[in-house]
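Protein chains in written order, with my numbering: chain A, 1 to 219; chain B, 1001 to 1295; chain C, 2001 to 2235.
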Amino acid sequence: MTSFDVHIIVRSLPFLWKGMQLSIALAVYSAVVGISMGVVLAIMRLSSIRPLAWLSYVYVNLLRSVPLLLILLWFYLLVPLLTGHPVGAFSSALIAFAMFEAAYYAEIIRAGIESIPARQSQAALSTGLTRWQAMRHVVLPQAFANMTPSLLAQGILLFMDTSLVVVVGLRDFMATASIIATQQARVVELYTFVALVYFVICFAASRAVGLLRRRVSAA
Amino acid sequence: MSLRVIRPLAALFALVIAVAAIPLSASAQNLTGTLAKIKQSGEIVIGHRDDGAPYAFLNMDQKITGYSIDVCDQVVKAVAAAVGSKDLKVRYVSSTAATRIPLVANGTVDLDCGNATDTFARAHQVDFSLPIFFSDSKLLVLKSSPIKGYRSLGGKTIAVVQNTTSDSYFTGLLEAKKINVHLIRLTSIPEAMLAVTTGRADAFAGDVVPLGAQLLKSPDRSKLHIVGSPQGSNPICLMTRQNDSAFRLVVNGAISKMIGDGELFKLQDKWFGPLGIKLDAATRRAFIDEAIPME
Amino acid sequence: MAHTYNWNWSVLFQHPYLGWLISGAEVSLALAACMWVLAFTLGSLVGVASTLPNRYVRALAAAYVEVLRNIPPIVQIFVWYFVVPQLLPPALGMYVKRDLPHSAFWTAVVGLGLFISARVAEHVRAGIEAIPRSLVQASLATGLSAAQSYRHVRLPIAYRNIVPVLTSEFLICFKVSAIALTIGVMEMTAQSRQVEFYTAHGIEAFTAATLFYLVFSAIFSVGTTFAERAMRIRG
């Protein structure tokens, strides 16, 4: 077996960095959109309007029962068909991830909202705030403070999941490594590097989240 | 002449002119289907892949280019003439292998210019133009491999990319029990090539065009080569909507004209030559035979 | 701009497409089952190991969990498929690459199963550590050895407590099995993609796959709800 060639990794760093940029962009944008949608879904689920609650329930459970790969393929096919516009692979993937993650964020946020004692919202209502104002200014801020560690943890999972986009032809970090591995015939070095990088990033991030969690629960 | 004679003569003259003019304007007003839509909107919508080199792909300047695009440039000229439009706008719409057929069928795209292969199943949804290229399957193997062609494949392992024409070709052979191989179906060309270079597969069976393109890019060039007689037949065509013979005729007419004056072959040399692909005389003859005589 | 789509649900029932979809379903179920067996077994071993008194054993268990949890499953499966066989002794490597029947299937079981096992290990560890110290000490005070205390007291309680998270982990295992398509395992998602390629009826094909996952997720959820109820510890 030939020796481990570290130089190939060093030489490929610019190209690999481009792939990593796509992975990060996809993760960050879909997290932002996903959390926003998640808040809406959580409030719908907790609302007393039956159809809204049911809609949210169906959405969350539907998206949580199906593999992310299949959802990626769905949106890759459907988004251009439904909009009639040339939606690129990146946009289709972004929408797919946002809608998928929204289902998971919705559950975290719902749990977070439900964990705020009823006294808080009752107190808010008694000062004359409307239900919506109470939610927006009293309940949600406190809920978010509590759920930030869980939201971040889900974000780390989302970052790991972005590696699946190679299946729809997007050039993320792993896809670019595959291309180099093929062209330079250095599969061991490249895939080991990819695994190492993901490990370092996700391990460090989950440690940071763990610290944050301890600080939040101490507060 | 007195006025009493001139007026009826002038009226008769005007009538004759008007009657003679009817065919000219009527042909423009008799446009139907896609041609009518194009005339009305002033633009033709062309669907293409972003990564379908050398048929249709984005070049370094992110501009859409390729063999099929060049062919479609000529088709657009013919369409412009057919609708009587001096400067017809072209709108390029990006599509993927999964969406290109539905986008043509549902009216979003007027003409798909890529590397679509005419198959019976697909012809239920869209219409295909005359073939603009004939592709086929070949084998990419290590030079050190004993495989020299399809006859030496018995008992070997072949890698293909899922959902490509080579995939369906070999699966068909397997099911008809005409061949005895182990088929590995991976999800991308880099993976299939890795299978060969790491020893998981004896050969990578793929369409001769992407195989040629891959070989050019690979520093393993010296260790790999393409063998085998052409297998299967993939007629590469442009796609149009169904039930639109008028539009399809314009498209096929443009293609036939390019075959007749040799323009199509020049484009083939330009785009496929660097990949080491040159259509032989028999295939060129097939093009000439299929073209509609343009007299 | 039209929104018409050429519908044809009957393709799903035509030969050979129906056969492909059924085959895909079978492979997905077999894959998920094998993955779970591996994940549960290894996950339990590692989970228990991370609660043992020996510091080095606990560190090894922690390393196992952190490494396998923080690398995306698709990266892990690629490593097992392309990298590991290259690192094995040549004869063994060639066996794995060529002669092992259903090589891709077993590689997927290992590559994806280990990812799930790391998550299972965490649940098992949490379940064991959640048992009040007083209970543990009480069991040891009755004369049980450490191993017996695990076997007769701590593990039964821990496992019954983590049945809910384990069932959700099994559902995750079922969904993660789709990733096997990247190394050529023709499971359900791969087959639905193939139907889409041959027929250009993507919506119908993907709906078939979606229904498969929905139906079986529902079956597993209902089944495990009964199991949960049966195993719940009163009081």
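Beta carbons: idealized from backbone N, C-alpha and C, even for Gly.
Just so we're clear, the structure is a prediction, and the values are computed from it rather than from any experiment.
- By the Cβ test, the segment 1159 to 1172 of chain B is not in contact with the segment 2056 to 2065 of chain C, since fewer than three Cβ pairs between them sit closer than 8 Å.
- Note on geometry: alpha-carbon atoms of T130(A) and F144(A) lie some 20 Å from one another.
- Bounds of the alpha helix (DSSP H) holding P1190(B) are 1189 to 1197.
- In the three-state scheme derived from DSSP, where H, G and I count as helix and E and B as strand, L1238(B) is classed as strand.
- In this structure the segment 1100 to 1119 of chain B does not touch the segment 2215 to 2235 of chain C; the number of beta carbon pairs closer than 8 Å is below three.
- Not one beta carbon of chain A lies nearer than 9 Å to the beta carbon of N1059(B).
- The count of Cβ pairs closer than 8 Å, one atom from the segment 1156 to 1163 of chain B and one from the segment 1179 to 1195 of chain B, reaches three, so the stretches are in contact.
- When Cβ-Cβ separations below 9 Å define contact, R1285(B) makes no contact with chain C.
- Interface criterion not met: the Cβ of P2016(C) is under 9 Å from no Cβ in chain A.
- Residues of chain A whose Cβ lies closer than 8 Å to the Cβ of T2189(C) are, in chain order, P67, L69, L70, L73.
- The segment 1030 to 1081 of chain B contains, as complete alpha helix (DSSP H) runs of 4+ residues, the segments 1033 to 1041 (chain order).
- About 5 Å separates the Cβ atoms of A1192(B) and F1204(B), confirming a contact at the 8 Å cut-off.
- Counting the other CB atoms within 10 Å of its CB gives M1060(B) a total below 16, which places it among the exposed residues.
- Under the Cβ distance rule, D1050(B) counts among the residues neighbouring chain A, one pair being separated by less than 9 Å.
- With a minimum length of 3 residues, the unbroken runs of beta strand (DSSP E) contained wholly in the segment 1085 to 1129 of chain B fall at 1089 to 1094, 1111 to 1117.
- For Y2095(C), no Cβ of chain B is located within less than 9 Å of the residue's own Cβ.
- Cβ contact annotation for M2035(C) (same chain, cutoff 7 Å, sequence separation greater than five): V2109, L2112, G2113, I2116, C2173, S2177, in chain order.
- Non-local C-beta neighbours of V2075(C) in its own chain, meaning closer than 7 Å and more than five positions away in sequence, are absent.
- Collapsing the DSSP output to three states places T2051(C) in coil.
- Listed as beta-bridge partners of H1182(B) by DSSP are T1157(B).
- Of D1073(B), I1069(B), D1110(B), T1096(B), the smallest CA-CA separation from S1041(B) is found for D1110(B).
- Under the 9 Å criterion on CB atoms, Q1125(B) is classed as interfacial with respect to chain C.
- Annotation for P149(A): V209, L212, R213, V216 place their beta carbon closer than 7 Å to its own, counting only its chain and skipping 5 residues before and after.
- Against chain C, the CB of S91(A) has no partner CB under 9 Å away; the residue lies outside that interface.
- Non-local beta-carbon contacts of P1054(B) in its own chain, meaning distances under 6 Å to residues more than five positions away in sequence, involve G1066, Y1067, W1271 in chain order.
- Between E2196(C) and chain A, the shortest Cβ-Cβ separation is below 9 Å.
- Below the 9 Å Cβ cutoff, chain C contributes P2085, Q2086, G2093, M2094, K2097, R2098 as neighbours of G1199(B), in chain order.
- Exclusion of the five residues before and after M37(A) leaves A102 as the residues of its chain whose Cβ lies within less than 6 Å of its Cβ.
- By the criterion of a C-beta distance shorter than 8 Å, G19(A) is surrounded in its chain by R171, D172, F173, M174, A175, T176, A177, once the five residues flanking it on both sides are discounted.
- Looking from the CA of V2195(C), the closest CA among P2090(C), L2012(C), N2008(C) belongs to L2012(C).
- Among the residues facing chain A, A1121(B) is not included, as its CB has no counterpart in that chain under 9 Å away.
- Checking the DSSP bridge columns, you'll see D1207(B) partnered with S1137(B).
- Burial of A1201(B) is indicated by the presence of at least 16 other C-beta atoms within 10 angstroms of its C-beta.
- Taken in chain order, the members of the segment 1148 to 1167 of chain B whose beta-carbon sits within less than 9 Å of a beta-carbon on chain C are T1157, A1159, Q1162, N1163, T1164, D1167.
- As for any alpha helix (DSSP H) of minimum length 4 sitting wholly inside the segment 1271 to 1295 of chain B, the runs are 1281 to 1290, ordered along the chain.
- The beta carbon of V1076(B) sits closer than 7 Å to those of I1044, L1088, V1090, all from its chain and outside the five residues before and after it, given in chain order.
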